[in-house]
Amino acid sequence: MMANAMAERLLIVGGVAAGTKAAATAHRRNPQAQIVLLQEEAEISYSACGMPYHLADAQRISRGKLIARTPQAFVDEGVDVRTGMRVLSVDTATRRVRVLDLVNGQEHDEPFDQLLLATGAQARRLNVPLSASAPPVYYLRTLHDADALRPALLAGRRVVVLGGGYIGMEMAETCARLGMHVTLVEMLPRLLPGFAAALAEVVDTTLRAHGVAVHTDSQVVGLDAGQVLLRGGGAVAADLVIAATGVQPHTALAQTAAVALGRTGAIAVNNRMQTNVPGVYAAGDCAESLHRISGQACWLPLGDVANRHGRVAGTNMAGGDMQFPGVLGTAIFKVFDLAVARTGLGQDEATLAGFDAVSAHIQAPSRARYMAGSATLHVSVTAERGTGRILGAQAVGADAVDKTIDTFAAAMWGELATTDLPDLDLAYAPPFAPVLAPVQVAGEVLNKLI
57 MMANAMAERL LIVGGVAAGT KAAATAHRRN PQAQIVLLQE EAEISYSACG MPYHLADAQR
117 ISRGKLIART PQAFVDEGVD VRTGMRVLSV DTATRRVRVL DLVNGQEHDE PFDQLLLATG
177 AQARRLNVPL SASAPPVYYL RTLHDADALR PALLAGRRVV VLGGGYIGME MAETCARLGM
237 HVTLVEMLPR LLPGFAAALA EVVDTTLRAH GVAVHTDSQV VGLDAGQVLL RGGGAVAADL
297 VIAATGVQPH TALAQTAAVA LGRTGAIAVN NRMQTNVPGV YAAGDCAESL HRISGQACWL
357 PLGDVANRHG RVAGTNMAGG DMQFPGVLGT AIFKVFDLAV ARTGLGQDEA TLAGFDAVSA
417 HIQAPSRARY MAGSATLHVS VTAERGTGRI LGAQAVGADA VDKTIDTFAA AMWGELATTD
477 LPDLDLAYAP PFAPVLAPVQ VAGEVLNKLI
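If you count the sequence shown from 1, position 141 lands on 197 in my numbering, and the numbers rise without skipping.
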């Protein structure tokens with residue numbers, strides 16, 4: 057049994073986060089395994105999350121700094137990494153994939169004993185009429201996208217960013233810091249619909265204070281000469297457009313193998329990252345996760361989740377036994393001087409998941425009020441009536457947002473209740489925190505409501 061396992065050929069499709077993590081993990085666990093990683097792009101193992109900051113200041117954050125490990129580094133360690141390879145289809149009956157070599161244009165087959173699909177997610181394409189003289193549209197999903205966008209940012213003066221999500225807001229800041237005139241267009245009635253309205257308003261105010269023109273409840277209906285056309289007859293001047301209207305799981309390859317998709321449209325997996333097809337795994341932005349609060353499958357295209365997926369998949373493909381414990385949906389992003397973060401479920405999400413939920417909204421100092429650097433934290437916490445179970449938390453502010461949300465996430469992971477929060481033994485000194493941390497204050501307020 058051990059000899060057969062050691063002789064297995066592990067084939068990994070995709071090499072940005074989950075794929076490379078799985079390859080490294082599998083190789084460490086079983087150095088004798090034959091591990092082949094096929095990647096369509098020229099680079100592997102890079103930080104897509106860092107691309108907005110690279111574009112804002114390429115001298116300080118060079119392109120090379122975004123790349124964690126090169127293909128050659130993997131090859132030197134015994135992992136067969138091949139870039140410029142597009143996988144066209146999967147034949148699970150013969151245990152082979154069909155591959156197009158983008159360099160020479162030739163097709164060939166690659167056999168596998170076990171297969172990992174780490175095909176990631178793809179940007180939603182803008183689907184509106186474009187005139188022949190319309191401003192160019194750019195996306196930001198890959199390093200190639202960043203390479204194409206950078207000279208356009210340096211040449212253009214007026215940019216319209218479509219979409220008020222994480223990438224849209226990060227790119228709005230990037231363009232503003234480059235001295236561009238920035239307009240952010242969001243189709244929904246307000247920014248950040250997954251956040252409490254009071255917190256979203258803080259973000260909206262900050263964007264406007266930094267010169268970003270914000271258009272909410274605005275649907276793009278077309279692009280014409282030097283302008284973005286809006287529903288109702290409005291128009292916004294633009295030299296270029298950045299479409300940040302979301303991403304979708306890249307599942308076309310999975311569907312050629314009859315791999316089942318889940319309720320979210322991403323690949324359905326169990327807690328070992330196995331699909332419904334024996335010997336076929338999925339991980340990263342193309343795969344679902346189990347939400348620890350709702351108990352339902354969810355899709356979270358986040359880099360840290362992809363790495364955790366990859367570690368589980370790589371361990372199990374190499375003969376181990378590891379289970380993915382699920383996610384809380386913890387995430388954070390930056391908008392000018394603000395950090396914006398969340399974990400778990402918001403009020404509306406908790407209600408949709410079937411909870412009798414109640415939320416408290418507080419404002420608290422991040423440090424002792426008289427200390428330099430102290431800033432107001434806006435915090436929203438959601439819990440279940442009766443049980444006091446913490447369901448989620450959100451925070452916005454210029455200081456201590458990360459530690460506040462991470463504390464809530466740890467409390468939720470450990471299944472603490474709101475009654476536990478005021479008694480948490482947290483670090484205090486005026487330069488670092490107030491006597492009662494925002495987490496403790498929120499717990500006291502929630503307990504009164506519950």
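The C-beta atom is built at its ideal place from N, Cα and C for all residues, glycine as well.
Check                                                                                                                           : Outcome
Beta-carbon separation (whole angstroms), residue 165 vs residue 152, contact threshold 8 Å                                     : 5 Å
Cβ pair count under 8 Å reaching 3, the segment 134–145 against the segment 425–437                                             : no
Any alpha helix (DSSP H) of 4 or more consecutive residues that is wholly inside the segment 117–192                            : 127–132
Bridge-paired residues (DSSP) for residue 404                                                                                   : In the DSSP output, where bridge partners are listed per residue, residue 404 has none listed.
Residue 354 to residue 257 span [Cα, whole Å]                                                                                   : 27 Å
Pairwise C-alpha distance: residue 199 and residue 126                                                                          : 14 Å
DSSP state of residue 289 mapped onto helix, strand, coil                                                                       : coil
Rounded Cβ spacing between residue 300 and residue 217 (contact assumed at less than 8 Å)                                       : 6 Å
Given 8 Å, three or more beta-carbon pairs between the segment 244–257 and the segment 434–441                                  : yes
Alpha-carbon spacing of residue 213 relative to residue 205, whole angstroms                                                    : 13 Å
Integer Cβ distance of residue 453 from residue 483, believed to fall under 8 Å                                                 : Not a contact, Cβ separation roughly 18 Å.
Simplified DSSP assignment, three categories, for residue 58                                                                    : Its pLDDT being 40, under 50, residue 58 is placed unreliably by the model, and the measurement read from it follows with that caveat. Residue state, collapsed to three classes: helix.
Counted within 10 angstroms of its Cβ, other Cβ atoms place residue 260 as buried (16 or more) or exposed                       : buried
Near the ligand SAH: residue 377 beta-carbon under 6 Å from a heavy atom                                                        : The ligand SAH is absent from the structure shown, which contains no ligands of any kind.
Which of helix, strand or coil DSSP assigns to residue 304                                                                      : strand
Paired residues, beta bridge with residue 106 - DSSP                                                                            : DSSP lists no partner for residue 106.
Coarse secondary structure for residue 280, derived from DSSP in three states                                                   : strand
Euclidean distance between Cα positions of residue 348 and residue 407                                                          : 16 Å
Cut-off 8 Å between Cβ atoms - residues of its own chain near residue 262, not counting five sequence neighbours on either side : 391, 392, 393, 394
Given residue 128 as reference, the closest of 159, 115, 93 once Cα atoms are compared                                          : 93
Nearest-angstrom Cα separation, counted from residue 314 out to residue 321                                                     : 14 Å
Inter-stretch contact (C-beta, 8 Å, three-pair minimum) for the segment 106–117 and the segment 227–243                         : yes
Helix, strand or coil at residue 347 [DSSP, three-state]                                                                        : strand
Strand pairing of residue 504, partner residues [DSSP]                                                                          : Its beta-bridge partners do not exist; DSSP assigns none.
Counted within 10 angstroms of its Cβ, other Cβ atoms place residue 187 as buried (16 or more) or exposed                       : exposed
Contact the segment 402–420 vs the segment 364–382: 3+ CB pairs below 8 Å                                                       : no
Three-state secondary structure assigned by DSSP to residue 392                                                                 : coil
Own chain, CB closer than 8 Å to residue 372, minus 5 neighbours either side, in chain order                                    : 328, 329, 330, 337, 378
Secondary structure of residue 490, DSSP reduced to three states                                                                : coil
Residues that residue 418 bridges to, as DSSP identifies them                                                                   : 435
Helix, strand or coil at residue 88 according to DSSP, with G and I counted as helix                                            : coil
Span of the alpha helix (DSSP H), counted from its first residue to its last, around residue 441                                : Segment: none, residue 441 is in no alpha helix (DSSP H) and carries neither H nor E.
Proximity to residue 181 [Cα-Cα], best of 162, 174, 194, 172                                                                    : 194
Local Cβ density within 10 Å of residue 316, reported as buried at 16 or more and exposed below that                            : exposed
Runs of beta strand (DSSP E) lying entirely within the segment 209–249, each at least 3 residues, in chain order                : 214–218, 237–241
Residue 239 beta carbon less than 7 Å from that of residue 292                                                                  : yes
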